[in-house]
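Here my numbering is used: the first residue of the sequence shown is 56, the next is one more, and so on.
Data block below; observations after.
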Amino acid sequence: MRGKRPKATVIGVRVKLLLVGQALIIALAVWAASAVQRDDASELRLQDRAARQMLEAVLDRRDALDAYLRSGGEQSVQPYVAAGNRYESARQVALTAVNAGDGDALRSLAGAVEAEEALRDIGSSLVVERQEAGGDDPPPTVGAYDEALGGFRAALGGYQALLEGRLAGETSRFTTSLVIVAVVLGMGFAILAYVTVDRWGRRLRRRQDEVERRDRARTSLRERLQLAINEDDGFALLKDHLEARVQGARVAVVRSPADDRGPQLNDSRHESTQAQPLEGLAQALVDTPSTTCLALRLGRPHERGAAEGDDDGPLCQRCGQLSGHSLCAPVVLEGTTAGSVLVVGERQITADERAEVLETIALAAPALARLRSLTLAEHRAATDALTGLPNNRAVWENLRRMAAVAERGQRTLTAMVLDLDHFKALNDEFGHRVGDEALAGVGGVLRDSLRASDFVGRLGGEEFVVLLPDTDRENSLDVAEHLRERIESTRLTDVNRPVTASIGVAVLPHDARDAASLLRVADLALYAAKDAGRNCVRDAIVVDGAV
């Protein structure tokens, strides 16, 4: 289809989008893991910074203590106190930063705090000692303080070593977790990509296989349509193809007549089709005027569903009586609507199936148009132009066919030969226009008075032939008398003279052995009717008795 990307290109684009999505999700996972690690590491760094501040404060206090001991000035005590205050602040931060459940860190920090308390006691003693010393006494030294300071530094160093080890462990665990997350997500996305691409590939292969099957089916339909010998075969092929392509559906093809036979129905009777049957609809489709078909009136497909309010427009009088779902599409041959295709099923027809129906109709249209032209040509070749009835050639073809069917089935076949009385005189007196009107009127009477299974044709001149299958002698004579009366009631324009006919009747196999002899015996019965005064009916028994 124009403007639509090839399936392989679409899959390539989807794979690229999948890879981009994979990269984004891995990046998000790494960011989330790093955020957690940053939170844990920030607590450790806060504790480490507090420990360094504690050490710096203690060292500053030692220097301030040494200066005070040397000078003895009161101004030297202030740095000592300030350093002590900084230590207390750092100690409070350290204690706050340590998790209450972290026993190792609490014990290590407690050891440093205890060492500092001992150091602070020594410092306080030295301050007091310096204050109490006289001017000639040597000032106390910080030797004892430095020894205690070493213990504090050792205890605080252990605490800092613990923090550094944990920080290194957090970094190592973070790196390991990132690797694990990346590997797991990578493998997961690899599996997802494989499954997804494989599913897309299978779907693409199924679509390609479906396209190939559809193309093969269409090629086969096109070839079979080329081999079809008449319009009936062509429409039957169309129906069979659609039933095979639309699973679970029934298909009926209603054809507008190419001749005077009336609408023709190609209906499915396959037992393999498990769908709503069309029984009861066949005759309704044929009997309902084509003007009531919405598909033909609108010139486009008409759909309706089982659900209330699911109808496409007004209710169609042809297929509106159906339950379930239906699609009716017009068959247009060379600009002329030649009929409609009705697809009926229990389920909703899909968009692909709808397209398949319409494309198949379009595909078959050229071949069906050719077959219709052949049908029309054959009909014209076998039809009398004046009466519209089958001509002499068609009479003999149908006589032979119907006689063969009767013989195989051991059934009866009645032949009537009908001749208009005094037709030459009618032509001579009133002209050929009146004679033609009489022939056309009698042809219409015969056509309208017989069953669909019966046959009537013009043998030639003013003679007509009527064939009645499966009709015994008594009923045949009744039909002949009815035809005679109907003909006698025919009136001609501006002519005050009735039209009458003589009829000869013969029944196969009682009066003849084959088609030719059957018509010959009926013709003899016709002459007997003329000899009896015309405008009457005679059969072969009377002829034999007269002979």
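For glycine and all other residues, C-beta sits at the position ideal for the given N, C-alpha and C.
| Asked | Found |
| --- | --- |
| Buried or exposed by the 16-neighbour rule on C-beta atoms within 10 Å, applied to Lys479 | exposed |
| Euclidean distance between Cα positions of Leu174 and Asp103 | 21 Å |
| Spatial neighbours of Leu603 in its chain, beta-carbon cut-off 7 Å, leaving aside the 5 residues before and after | No statement about residue 603 is possible, as the shown extent of the chain runs from 56 to 602 and does not include it. |
| Exposure of Thr526, with buried meaning 16 or more beta-carbon neighbours within 10 Å | buried |
| 8 Å contact criterion, which Arg300 and Glu411 should meet: CB distance rounded | 5 Å |
| Per DSSP, the bridge partner or partners of Cys383 | His357, Leu397 |
| As assigned by DSSP and simplified to three states, the class of Arg593 | strand |
| Neighbour-count burial assignment, Val534, 16 or more Cβ in a 10 Å radius | buried |
| Proximity below 7 Å, CB of Arg539 to CB of Val592 | yes |
| Cβ pair count under 8 Å reaching 3, the stretch 566-576 against the stretch 494-505 | no |
| Environment of Glu129 [buried if 16+ CB atoms lie within 10 Å] | exposed |
| Cβ neighbours of Gly364 in the same chain (closer than 7 Å, five flanking residues each side left out) | Bear in mind that the predicted position of Gly364 carries a pLDDT of just 46, short of 50, making it unreliable; the figure below should be weighed with that in mind. Excluding residues within five positions, none has a Cβ falling inside 7 Å. |
| Inter-stretch contact (C-beta, 8 Å, three-pair minimum) for the stretch 121-141 and the stretch 195-209 | yes |
| Candidates Glu298, Glu408, Pro445, Leu211: closest to Val266 by CA position | Glu408 |
| Identified DSSP bridge partners for Val550 | Leu547 |
| Nearest neighbour of His296, chosen from Leu388, Val398, Ile246, Gly213 [CA to CA] | Val398 |
| Cutoff 7 Å; reference Ala587; Cβ partners in own chain excluding five residues on either side | Arg593 |
| Exposure label - Met109; buried when at least 16 CB within 10 Å | buried |
| Which of helix, strand or coil DSSP assigns to Arg664 | Nothing in the structure corresponds to residue 664, since the chain is present only between 56 and 602. |
| Buried versus exposed call for His487 [16 or more other C-beta atoms within 10 Å across all chains shown] | exposed |
| Reference Asp115; option with closest CA among Asp201, Thr226, Gly499, Gly256 | Asp201 |
| Cα-Cα separation between Leu101 and Ser163, rounded to whole angstroms | 16 Å |
| Proximity to Tyr142 [Cα-Cα], best of Val153, Gly158, Ala167, Gly156 | Ala167 |
| DSSP beta-bridge partners of Ala556 | Leu475 |
| Under the three-state DSSP convention, the category Arg513 falls into | strand |
| Cut-off 7 Å between Cβ atoms - residues of its own chain near Asp159, not counting five sequence neighbours on either side | Leu217 |
| C-alpha gap between Leu547 and Arg541, whole angstroms | 14 Å |
| Gln281 classed as buried or exposed, judged by whether at least 16 other C-beta atoms fall within 10 angstroms | exposed |
| Whole-Å CB distance - Leu413 paired with Pro356, under 8 Å assumed | 7 Å |
| Pro193 Cβ short of 6 Å to the ligand HEM heavy atom set | For the ligand HEM, the structure offers nothing, since it holds no ligand at all. |
| Beta-carbon proximity list for Val521, same chain, < 6 Å, skipping 5 on both sides | Met471, Val511 |
| Through-space distance from Tyr582 to Pro385, alpha-carbon basis | 52 Å |
| CB of Leu481 within 7 Å of CB of Phe519, strictly | no |
| Nearest-angstrom Cα separation, counted from Leu349 out to Ala458 | 42 Å |
| C-alpha gap between Gly559 and Thr438, whole angstroms | 23 Å |
| Through-space distance from Glu98 to Val239, alpha-carbon basis | 29 Å |
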